[in-house]
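Input: a single structure, listed below in structure tokens.
There are 2 protein chains.
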Amino acid sequence: MNMNVAERQRECHSQLLSSHDARDLLNSVDAFLFDCDGVIWKGDTLIDGVSQTLDMLRSKGKKLVFVTNNSTKSRRQYAKKFQSLGISVSEDEIFCSSFAAAMFLKVNNFPREKKVYVIGEEGILEELQLAGFTGLGGPEDGKKTVQLKPNCLFEHDKTVGAVVVGLDQYINYYKLQYGTLCIRENPGCLFIATNQDAVGHMTDLQEWPGAGCMVAAICGSTQKEPTVVGKPSTFLMDFLQQKFQISCSKMCMVGDRLDTDILFGKNAGCKTLLVFSGVTSQSTLHDPSNSIEPDYYTNKLSDILELLGP
Amino acid sequence: MNMNVAERQRECHSQLLSSHDARDLLNSVDAFLFDCDGVIWKGDTLIDGVSQTLDMLRSKGKKLVFVTNNSTKSRRQYAKKFQSLGISVSEDEIFCSSFAAAMFLKVNNFPREKKVYVIGEEGILEELQLAGFTGLGGPEDGKKTVQLKPNCLFEHDKTVGAVVVGLDQYINYYKLQYGTLCIRENPGCLFIATNQDAVGHMTDLQEWPGAGCMVAAICGSTQKEPTVVGKPSTFLMDFLQQKFQISCSKMCMVGDRLDTDILFGKNAGCKTLLVFSGVTSQSTLHDPSNSIEPDYYTNKLSDILELLGP
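Residue numbers (my numbering), protein chains in the order written: chain A, -14 to 295; chain B, -14 to 295.
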């Protein structure tokens, strides 16, 4: 079946955000959930008009929540990043997947005496510590090497009860073996993925392998599937709902990725708004191979402000 | 459905190798294909009676072929290993997955002017060179690090036309990004996996993440599936058949792994013999979750010699 762009747009149930839709959203939604990279900023640069749009939403009494799959930073580190970009956001408003991993262990009563092995970066270790858990691995094990020699036994801590895997620019064979041994040999050891994003904008100019790369590596060696705590899994949403006591139908998820942000919002029954200021283009949205359709789409977050008018 | 061991053995169509079967095999088979680790040796130690068994088979005029998924060595390096263990095997009799990767490129007329990026070890680079191809990466890139800084562009060679991924104890983020960029951005770039073994005996005392770990990582970041050239894919078998002009029904595959060796033999229509001198135990073979059944099973290769008698 060959369709031209106009036909594909008619097939798609998403609507280009209109002034009417923007007013409707503002009237029907109590909380706006934002992805960060590609919506709020690109790399270390704020996207045009974001600050004014957030101010307007706050002035209307809307709850703002920032939900990111990036696990390399903690909530505290994210609050600092917002501050450095001139936006005042409190730690309580930030839900990064490093925090999600720690909260997953907490709500599942992970025993304090057990340890958590981390294939990932500083953010995960900091969130684990803040939640009262003992983390091992992380950046420190990035310097370690292995000895593939006869009679050499690679020892691992038998009290590790969970392996958390996120984006790790210091990934190596030592960590892969450590995590694999814990999951294969420690009875009941959990395998938690912060997220499974294939790639992400680790630098402004390029995409790089994301947590999905490291998570897949451990799936490959253990032949096990992880519990995912970041988007699009429902764990974070359930946690958010419990914390803020807002019904999902009164929330709008704003994001630049179909398979994480928009799917996350749709899975939970939120309204969804796709912005083209990140990794997704209009042609990807309307491509016949795409089955994830947001309620609305627009170029960038601040379009809401313009559409509402003075 | 609960079955005891005896019942499960009756359900299984595999037979414990008998004297009659051994004689039958010797009469009906022209070529014996052997996996190496777990059949011929364990780590750097020859398994009991292997040397005498191979001598007997050669004396009966049988063709011997050694087929291993290990890609870290080249054929030349394997011939040296056999020699160091006191067994005379020629390079022509060895089919390792590093060689398979180079042959795959050759039979598919991979252009000589294009380059091959290697996530893997020395064996792959050596086989590529012997086949007349230009390899990049490998152990050398194990020392490289990345710069995740604004305005920093990670450059990759646009003339890379294939990425070969095998077991790599020097895996790092640099190589993951390099391979990912080639597959995502170089038009038509091939993604070749030497094999997908989850783990392997990198040391005598322990299993370690195998090529399946590194291959999965690249699947995770590229969202692409590789072409597998090692066991259990049929590429090596087609190649072997063409080279030796022996029908598969006249071959017997001997191995210690169900999902690679035995499946490889069965896929091609060879006779299959599972030995318990490697990673598979009798209980795994007879476990209800196992669906891969060899024609015969026995403890170790030299049982053939004993069963045939003096």
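The beta-carbon is built from N, C-alpha and C at its ideal position, and this holds for glycine as well.
{"Check": "For Ser234 (chain B), the nearest candidate out of B:Leu10, B:Asn157, B:Leu286 and B:Asn54 (CA to CA)", "Outcome": "B:Leu10"}
{"Check": "Neighbourhood of Gly215 (chain A) by C-beta, 7 Å cutoff - its chain only, sequence neighbours within 5 removed", "Outcome": "Asn54, Ser82, Ala85, Thr179, Asn180 and Leu221"}
{"Check": "Cβ-based contacts, 9 Å cut-off: residues of the stretch 191 to 225 of chain A near chain B", "Outcome": "Gln191, Glu192, Trp193, Pro194, Gly195, Ala196, Gly197, Cys198, Met199, Val200, Ala201, Ala202, Ile203, Cys204, Gly205, Ser206, Thr207 and Gln208"}
{"Check": "Beta carbon proximity, Thr188 (chain B) to chain A, threshold 9 Å", "Outcome": "yes"}
{"Check": "Under the three-state DSSP convention, the category Glu106 (chain B) falls into", "Outcome": "coil"}
{"Check": "9 Å Cβ cutoff met for Lys256 (chain B) and Tyr282 (chain B)", "Outcome": "no"}
{"Check": "Bridge partners - Phe17 (chain A), DSSP secondary structure assignment", "Outcome": "A:Leu49 and A:Cys237"}
{"Check": "Residue-chain proximity (Tyr102 (chain A), chain B), Cβ-Cβ < 9 Å", "Outcome": "no"}
{"Check": "Nonlocal neighbours in the same chain, by C-beta distance under 7 Å from Gly108 (chain A), ignoring five residues either side", "Outcome": "Ser56, Thr57, Lys58, Ser59, Gln62, Cys81 and Ser83"}
{"Check": "Alpha carbon of Val149 (chain B) to alpha carbon of Ile104 (chain B), nearest angstrom", "Outcome": "6 Å"}
{"Check": "Chain-ordered residues of the stretch 100 to 133 of chain A with a beta carbon less than 7 Å from chain B", "Outcome": "Val131 and Leu133"}
{"Check": "Residues that DSSP places opposite Pro296 (chain B) in a beta bridge", "Outcome": "Because residue 296 (chain B) is not part of the residues shown, which for chain B are -14 to 295, the question remains open."}
{"Check": "9 Å Cβ cutoff, Phe17 (chain B) in contact with chain A", "Outcome": "no"}
{"Check": "Three-state secondary structure (DSSP) of Gly123 (chain B)", "Outcome": "helix"}
{"Check": "Closest residue to Tyr159 (chain B) among B:Lys143, B:Gly122 and B:Cys198 (Cα-Cα distance)", "Outcome": "B:Gly122"}
{"Check": "Selection of the stretch 264 to 283 of chain A by Cβ proximity to chain B, strictly under 9 Å", "Outcome": "none"}
{"Check": "Short-range partners of chain B found in the stretch 134 to 163 of chain A, where Cβ spacing is below 9 Å", "Outcome": "Lys134, Pro135, Asn136, Cys137, Leu138, Phe139, Asp153, Gln154, Tyr155, Ile156, Asn157, Tyr158, Leu161 and Gln162"}
{"Check": "Cβ-Cβ separation, Ala64 (chain B) to Glu76 (chain B) (assumed contact under 8 Å), whole Å", "Outcome": "5 Å"}
{"Check": "Chain B contacts made by the stretch 27 to 38 of chain A, where a contact means CB separation under 8 Å", "Outcome": "Gly28 and Asp29"}
{"Check": "Backbone CA spacing between Phe139 (chain A) and Asp244 (chain B) [nearest angstrom]", "Outcome": "26 Å"}
{"Check": "The stretch 239 to 252 of chain A: positions lying closer than 9 Å to chain B by Cβ", "Outcome": "none"}
{"Check": "Straight-line gap, Ile168 (chain A) to Val184 (chain B) (C-alpha atoms, nearest Å)", "Outcome": "13 Å"}
{"Check": "Buried versus exposed, by CB contacts within 10 Å (16 or more), Cys137 (chain A)", "Outcome": "exposed"}
{"Check": "Per-residue contacts from Thr53 (chain A) into chain B (C-beta, under 7 Å)", "Outcome": "Near Thr53 (chain A) there are no residues of chain B at all, since even the closest Cβ is about 17 Å away, more than 7 Å."}
{"Check": "Whether Glu98 (chain A) touches Thr144 (chain A) by CB criterion (9 Å)", "Outcome": "yes"}
{"Check": "Straight-line gap, Glu112 (chain B) to Leu31 (chain B) (C-alpha atoms, nearest Å)", "Outcome": "25 Å"}
{"Check": "Coarse secondary structure for Tyr63 (chain B), derived from DSSP in three states", "Outcome": "helix"}
{"Check": "C-beta contact flag for Pro303 (chain A) and Leu270 (chain A) at 9 Å", "Outcome": "This structure gives no information on residue 303 (chain A), because the portion of chain A shown stretches from -14 to 295."}
{"Check": "Rounded straight-line distance, which links the Cα of Glu210 (chain B) to that of Asn252 (chain B)", "Outcome": "20 Å"}
{"Check": "9 Å Cβ cutoff, Gly294 (chain B) in contact with chain A", "Outcome": "no"}
{"Check": "Chain A within 9 Å of Ala183 (chain B), Cβ atoms only", "Outcome": "yes"}
{"Check": "Range of the contiguous alpha helix (DSSP H) that encloses Ala178 (chain B)", "Outcome": "Unbroken run through Ala178 (chain B) is the beta strand (DSSP E), Leu175 to Ala178; no alpha helix (DSSP H)."}
{"Check": "Bounding residues of the alpha helix (DSSP H) (the contiguous stretch that carries Tyr163 (chain A))", "Outcome": "Tyr158 to Glu170"}
{"Check": "Reduced DSSP category for Val101 (chain A) - H, G, I as helix; E, B as strand; rest coil", "Outcome": "strand"}
{"Check": "Contact with chain A by Thr305 (chain B), beta-carbon distance below 9 Å", "Outcome": "There is simply no residue 305 (chain B) to check, as chain B begins at -14 and stops at 295 in what is shown."}
{"Check": "Helix, strand or coil at Asn54 (chain A) according to DSSP, with G and I counted as helix", "Outcome": "coil"}
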